[in-house]
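Written below as structure tokens is the structure these notes are about.
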Amino acid sequence: MLQKLGRNDLCWCGSHKKYKVCHEAFDNKILAAKRQGHLVPNHEIIKTPKQLDGMRESSKVNIAVLDYVGEHIKAGMSTEEIDQMVYEKTTQMGGIPAPLNFDGYPKSVCVSINEVVCHGIPSKDTLLKEGDIVNVDVSTIYNGFFSDSSRMFLIGEVDEEKRKLVEVAKECMNLGLEQVKPWGFLGDVAQAINDHAKANGYSVVKEIGGHGIGIEFHEEPWVSYVIPKNTGMMMVPGMVFTIEPMINMGKADVYVDAKDEWTVFTKDGKPSAQWEIMVLVTENGYEIMTY
Ligand code: MF3
Ligand code: CO
């Protein structure tokens, strides 16, 4: 929580500057919002410049792995092969795949095809086929810093309906991104996303959202994409979180596979698409850490 610091004390952010010339005004702004009843971040999730550098390095590895997958992914390949690619590329670059053993997750990456919404577990029995839309969600630990991002891939010729879903899901992510600015609210991001999905006849998954990230894989805040603007946590400079809405062609309802306890499916069996980026709130707007 916001601690009481003297104006001439050293700032809590590690800058070695006096509080009064560093984060005092910042803290007062947050306190004022809190008094008005808004949800505000605590200092633990405000990243220091040093931490941000570490996260940028981690993000570079994460993106290189996704690029590598993008160069090789093709029809006939098993999702297990994607897992191997991710493991090998990540470790070659000195990183650790963050999903591996996370909460008992058995693989290095999530690969979610068509009606799989997210957290698809790679398997040698799951083959990519012409016409599939596939989300590959890569997360990396590098020097102790976490990064996370995902992209959709089209396998061969994909029908118009699914291509549009993938396109609109990307637009949703970008419209959400445009709402990222200091002293705005996570609900601004959510509403931009939800409005665009609805305008296209799609729905946004409610139960699974984005998250803060950096020192841990999943940090505060939890990021919903279905709340209204001007609600949810206030965005402040130094906060990093993911924008990763899951957009369903049909209804928003999902369920988790009872056997593996990970794979999330759409209830109506219709396809779902997701893009994920990691975003830093800056003094003037945002910086994309993974794209
Ligand atoms: N990359 C996923 C996310 O965006 C992480 C899922 S947890 C895992 O949050 F264990 F399945 F990797
Ligand atoms: Co994520």
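5 is the number of the first residue of the sequence shown in the numbering used here; add one for each residue after it. Each residue gets a CB set at the ideal place from its N, CA and C atoms; glycine is no exception. Treat the numbers as computed from the prediction; the structure is a model and nothing was measured.
For Ala29, the closest C-alpha among the options Asn46, Arg11, His42, His20 is that of Arg11. Residue environment: Asp87 is assigned as buried (16 or more neighbouring CB atoms within 10 Å of its CB, all protein chains considered). Our two residues, Met59 and Pro241, have alpha carbons roughly 15 Å apart in a direct line. Here the alpha carbons of Trp16 and His47 stand approximately 8 Å from one another.
Boundaries of the beta strand (DSSP E) around Gly214: 214 to 216. With respect to Gln195, Lys233 sits close: the two C-beta atoms are nearer than 7 Å. Within the DSSP bridge table, the entry for Asp141 names Cys114, Ser154 as partners. Take Gly135, set aside five residues on each side of it, and the residues of its chain with a beta-carbon closer than 7 Å to its own are Ile159, Gly160, Glu161, Val162, Asp163, in chain order. Here the distance from the Cβ of Glu248 to the nearest heavy atom of the ligand CO is below 6 Å. Glu84 sits close to Ser127, with the two beta carbons spaced by under 7 Å.
With a contact defined as Cβ atoms closer than 8 Å, Lys274 and Met250 miss out at about 12 Å.
By the Cβ neighbour-count rule, His27 is buried, with 16 or more other Cβ atoms within 10 Å of its own. Minimum Cα-Cα distance from Asp31 among the listed residues Asn66, Met239, Asp152 corresponds to Met239. DSSP places Glu171 inside the alpha helix (DSSP H), whose first and last residues are 164 to 182.
For Cys122, DSSP records a beta bridge to Val268.
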